[in-house]
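Structure record follows, encoded as structure tokens.
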Amino acid sequence: MFSGCHQIICLPVYLTEWNSTVSHKDLMSDTCFKSAYIIKNFTENYDRLDAFGYWLLTDLLLLPQQLFHGRLGLFTYNNIKKPSYHAFSFLNKLGNERIADGDGYFITRSRTGYQILLHNYNHYDEVYAKGVSISISYHERYSHFPELTADEVPYLRSISVPKLSRSRIHASGALPIQAILEPFEIRLIEIIERFGE
220 MFSGCHQIIC LPVYLTEWNS TVSHKDLMSD TCFKSAYIIK NFTENYDRLD
270 AFGYWLLTDL LLLPQQLFHG RLGLFTYNNI KKPSYHAFSF LNKLGNERIA
320 DGDGYFITRS RTGYQILLHN YNHYDEVYAK GVSISISYHE RYSHFPELTA
370 DEVPYLRSIS VPKLSRSRIH ASGALPIQAI LEPFEIRLIE IIERFGE
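Counting in our numbering, the sequence shown runs from 220 upward without gaps.
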């Protein structure tokens, strides 16, 4: 006898050929904006998708003379890791169990401890969103971010690899963590539990 119940079929959902732009000449593809963009979108859509397919791996396509020329890859044509690469490197270190998330943070747990992924995403202005990029140039890539001050630009230019620091902390119960991030900064804090040391 038919009971009226229907079996629900859940198919996996994959987002493929995903990126912030379709242009292979978008100069912001080589900036710290891209790493914060990737972290923000991945963590905010964590439960909605089964997999992300990033477009694309390297910049090996019609090579221009400049080293950082706005292609969509995670590496330059001569294997220099771009900010987008470091975003995926941080995401790869997350644990399998999500503990908490919110505006700018995503916390997971693994067998060895906890992982806290932070980002300070800043959205570009309306002019750039409409496809007008006349004020952006090879040397001035952050001109479409109104909250970025002139003295922060040299700081952003000087960072090309993640800073690594380690410390040993003895704690019982709560472990307070405070972090202040620069615009477009991403940060991974890994807490590894050691017992009896």
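Cβ coordinates follow ideal geometry from the N, Cα and C atoms, glycine included. Note that this is a predicted model, so its numbers are computed, not measured.
Mind checking LEU394: buried by the 16 CB within 10 Å criterion, or exposed? LEU394 is exposed by the Cβ-count criterion.
Which term fits GLN397, buried or exposed, when burial requires 16 or more other beta carbons within 10 angstroms of its beta carbon? Around the Cβ of GLN397, a 10 Å sphere holds fewer than 16 other Cβ atoms; the residue is exposed.
What first and last residue would you give for the beta strand (DSSP E) that runs through HIS342? Membership of HIS342 in any beta strand (DSSP E) is not indicated, and neither H nor E is assigned to it by DSSP.
Hey, would you say ASP278 sits closer than 8 Å to PHE294, going by beta carbons? With contacts defined by Cβ atoms closer than 8 Å, ASP278 and PHE294 form a contacting pair.
Whose CA, out of SER391, PRO231, SER303 and PHE287, lies closest to the CA of TYR296? For TYR296, the closest alpha carbon among the candidates SER391, PRO231, SER303 and PHE287 is that of PHE287.
Leaving out five residues on either side along the sequence, give the residues of the same chain with a beta carbon under 7 Å from the beta carbon of ARG376. Confidence is the limiting factor: at ARG376 the pLDDT is only 45, short of 50, which leaves the residue's position unreliable, though a coordinate-based value still follows. Excluding positions up to five away in sequence, the list is empty.
Between which two residues does the alpha helix (DSSP H) containing GLU263 stretch? Residues 251-263.
For ALA390, which option in PHE414, SER384 and LEU400 has the closest C-alpha, if you only look at C-alpha atoms? For the residues PHE414, SER384 and LEU400, the minimum Cα distance to ALA390 belongs to PHE414.
Which stretch, first to last residue, makes up the beta strand (DSSP E) that contains LEU276? LEU276 -> no beta strand (DSSP E), and no H or E assigned at all.
Beta-carbon of PHE414 versus every beta-carbon of chain B: anything under 8 Å? Of the protein chains in this structure there is only one, and it is not chain B.
Element boundaries [beta strand (DSSP E), containing HIS305]: Here HIS305 belongs to no beta strand (DSSP E); instead the alpha helix (DSSP H) covers 302-311.
Bridge-paired residues (DSSP) for THR327: Per DSSP, ARG317 and GLN334.
Taking 6 Å as the limit between beta carbons, can you name the residues of its chain near GLU412, skipping five residues before and five after? Excluding sequence neighbours, GLU412 sits near GLY332.
Report the residue from LEU407, GLY392 and GLU401 whose alpha carbon sits nearest the alpha carbon of SER384. Ranked by how close their Cα comes to the Cα of SER384, the residues LEU407, GLY392 and GLU401 have LEU407 in first place.
Report the residue from ILE257, ILE388 and GLU409 whose alpha carbon sits nearest the alpha carbon of HIS305. Per the Cα distances, ILE257.
Here's the rule I'm using: 16 or more other beta-carbon atoms within 10 Å means buried, otherwise exposed. How should GLY350 be labelled? It counts as exposed.
Beta-carbon proximity list for PHE307, same chain, < 8 Å, skipping 5 on both sides: Taken in chain order, the residues that qualify are ILE257, TYR273 and LEU293.
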